[in-house]
Every structure is written in structure tokens, then in C-alpha cells.
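Residue numbers (UniProt numbering): 1 to 344.
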């Protein structure tokens, strides 16, 4: 509903978004406890958790923009969505530098609660309520400015950790690389996204804002996942990625004076970026599962400990029985020697 973020989505869709976000946020918060309870804490869980987060960040931000009809101001929509992607990437950039994922007093959970409230308000009163004015200022503008303030606070906290130096040699990252090196892969997404939207002769971003954001969001999600893997393996983060072919398609089409209609190229870029992301994630998950000999969506019963315990118990029982027989045999021989002496 409302892919251009200008229409009024039905109330039930807003309520469904709020309920889905609440379920997602709750499950995302307790998955670590469940893993410890079932003794299944592995790097696969960490990657799967953050991988899902990287994708949901795109759609959660996009749904919030649609709920407040921010499509009437397309570059505010651009800013809000890419601000969410940037904050998520920078949080893992900080982890890559310091070796620890840190959360602020006002962080992702609080942001998700605010977005739930936005969906509920839109579901009750309709998305047009955000066009209401308070003191001559539209309500959506207050929400957008609040995002800027809270986002700036989070970025200041993140960069204070990054610029303080990493845990590697001479203040480097966990992989021994420059603490500023992760800025390059994300810049190769953010800068082209802005330039392509500005140079479009068909106003491809204004016409298809949701599709445009999803396209670049899939590339951002993949680069973030690669950053998570680089942190887990303490390896260097590569700058180039196959997912960048999608933005490159749009750029080259503009460079050659729109050889193809931009909307067709955008559809192709979306398909490629989505395929490339899921291909990468599936390959990494399969590699981890094969290496650790675990299942992706199934907990394998741990029988080794019980078998070993049963085996050791059986051995102990066997040894005790053998010792008892040996002791009884020695006692019987001693009684025979005493009996022979008495007879003599």
C-alpha cells in the first residue's frame, strides 16, 4: 500500500506493521537467551541475528515513512531511510574497531517503540493526521527533526569510540586495519544513491521511492553483513562487492543518456541486489553449518555427552565388578592356606 509514500494506507495495515514490529523486536531481544538455554550459541546465531536486522532496518524505516506520508517530501524520505541504514552500519563499524557491540541509553529498541507508536496513531486516526499543524508546523516535521537530534547523538557516541582507537595493534581494528577503512564500502553506496537521484531525468526516485530505497538498502544490508563477518573472523573488509553492480547499472544508464528507460533499469537493479544479498547470506550460513556440523533451522540433540557419561559409567561398573571378583579370589586363597596349616 502507498509505494510512493503519498497515499493513505489502510488502518489494518498500520496495525499489522505495529504488531509485526513488536513481535520482531521481542524475539530479537530474547534469541540470545534462548541460545544459551539450549546451548546453541554459535557464530551462526550472531550472523543470522544481525543479518535479519540489516534487512529489517530498511523496511522498518520505509514503513515509518509511509505511515506519515513523507513521500510528499521525497528528500526527507531519502534522508530518514538512509539515516537508519547509516546508524546501523556505524554501530557495527564501532564493533569492528572496539571488539564490543555497545548500546546507548536511547538506541534501537527505543526507536522501534517510537515507530510502533507512529503506526498505531496512523491506524487510529489515518496517516493524514501527520499533516495537521501545531503552531504552524506540521506534525511530521517534528518527528523528522526528532530523528535528526537522536541520530546525531548516537553518531557522536559511536564516533567517539571509533576515533579513540581500536583494540588491534597501534589502535587498529580487530583485523589490524585502519579504524577509518570501513567508511569506504558504505560511501560507495550512499554517494551514488544521492547522485543518481539528483541526475535522473525521469525522476526515478520521486516516482518509485520505495523501490529505489529497497534497491540501495539491499546493497547496504550486504555490506553490513560482510562487516559482521569481518569482525567475527578478524579479517580485512574488502571494499568492492558484487552488489554494487546494481547501482552501477543505474549510473551507466544515466552516463549513456538513458539508453534504457530508468524504471526498467531500476527493476533490474532491485532484482540483482536482492538476489546477490540472499545468495551471499545462504552461502555463508551453509559454510558455517558445514564447519560446525550443525543445522540451520533445527537444534540437533546433543547425545555425545550422555553417551560418554553412559560409557564411563559402564566402564566404572565393570571395573568395580572385576575388583570385587579379584578381592574375593584372594580371600578364598588365604582361607585355603590357613586350612592346610591347621591340618598339618
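Just so you know, even glycine gets a beta-carbon here, dropped at the ideal spot from N, CA and C. Fair warning: this is a prediction, and the values are worked out from it, not measured in the lab.
Contact check, residue 253 vs residue 260, beta carbons under 7 Å | yes
Take the Cβ of residue 255 as the centre, count every other Cβ of all protein chains shown within 10 Å, and call the residue buried at 16 or more, exposed below.
-> exposed
Please specify which runs of the alpha helix (DSSP H), each continuous and at least 4 residues long, are wholly inside the stretch 135-165, giving them in chain order.
-> 139-163
Are the C-beta of residue 67 and some C-beta of chain C separated by less than 7 Å?
-> Among the protein chains of the structure shown there is no chain C, as only one such chain exists.
Quick one: any contact between the stretch 198-214 and the stretch 56-69, if contact means 3 or more CB pairs under 8 Å?
-> yes
Take residue 50 as the anchor and find which of 81, 37, 91, 40 has the nearest alpha-carbon.
-> Closest in C-alpha terms to residue 50, from the list 81, 37, 91, 40, comes 91.
Under 8 Å Cβ to Cβ from residue 227, same chain only, skipping five residues before and after it: list those, please.
-> 89, 92, 93, 96, 182, 185, 237
Residues bridged to residue 133 [DSSP beta-bridge criterion] = 138
Residue 200 by DSSP, collapsed to three states: which one?
-> Looking at residue 200 - three-state DSSP - the assignment turns out to be coil, as it is neither helix nor strand.
Should the stretch 4-23 be regarded as contacting the stretch 117-137, the criterion being three or more beta carbon pairs within less than 8 Å?
-> yes
With DSSP collapsed to three states, give me the class of residue 316.
-> For residue 316, the predicted structure reports a pLDDT of 47, less than 50, and the residue's modelled location is therefore unreliable. A value from the coordinates is still provided. In the structure shown, residue 316 sits in a helix (DSSP, three-state: H, G or I).
Starting from the Cα of residue 219, find the closest Cα among 166, 204, 239 and give me that residue.
-> Closest by alpha carbon: 239.
Give the range of the alpha helix (DSSP H) segment to which residue 29 is assigned.
-> Segment 11-37, the alpha helix (DSSP H) holding residue 29.
Determine the DSSP secondary structure at residue 4, reduced to helix, strand or coil.
-> coil
Unbroken stretches of the alpha helix (DSSP H), 4 residues or longer, contained in the stretch 214-292 | Taking 4 residues as the minimum length, the alpha helix (DSSP H) runs contained wholly in the stretch 214-292 are 245-255, 262-292, in order along the chain.
Simplified DSSP state of residue 182, which is helix, strand or coil | coil
Can you tell me the Cβ-Cβ gap for residue 61 and residue 80, rounded? I've got them flagged as a contact below 8 Å.
-> 6 Å
Following the continuous alpha helix (DSSP H) through residue 53, name the residue where it begins and the one where it ends.
-> 43-67
Among 76, 82, 41, 21, which one has its Cα closest to the Cα of residue 52?
-> Relative to the Cα of residue 52, the nearest Cα in the group 76, 82, 41, 21 belongs to 21.
Nearest-angstrom Cα distance between residue 138 and residue 102?
-> The straight-line gap separating the alpha-carbon atoms of residue 138 and residue 102 is approximately 35 Å.
Helix, strand or coil: which one does DSSP assign to residue 114?
-> helix
Whose C-alpha, out of 129, 115, 195, 234, is nearest the C-alpha of residue 169?
-> 234
Along the alpha helix (DSSP H) that carries residue 40, what are the first and last residues, could you check?
-> From DSSP, residue 40 is part of no alpha helix (DSSP H); its letter is neither H nor E.
What are the start and end residues of the alpha helix (DSSP H) that includes residue 74?
-> 74-98
Residue 195 and residue 250: beta carbons closer than 7 Å?
-> no
Express the C-alpha separation of residue 37 and residue 290 in angstroms, rounding to a whole number.
-> Roughly 23 Å between the two C-alpha positions.
Apply the 10 Å Cβ neighbour rule to residue 1 and answer buried if 16 or more other Cβ atoms are within range, or exposed otherwise.
-> exposed
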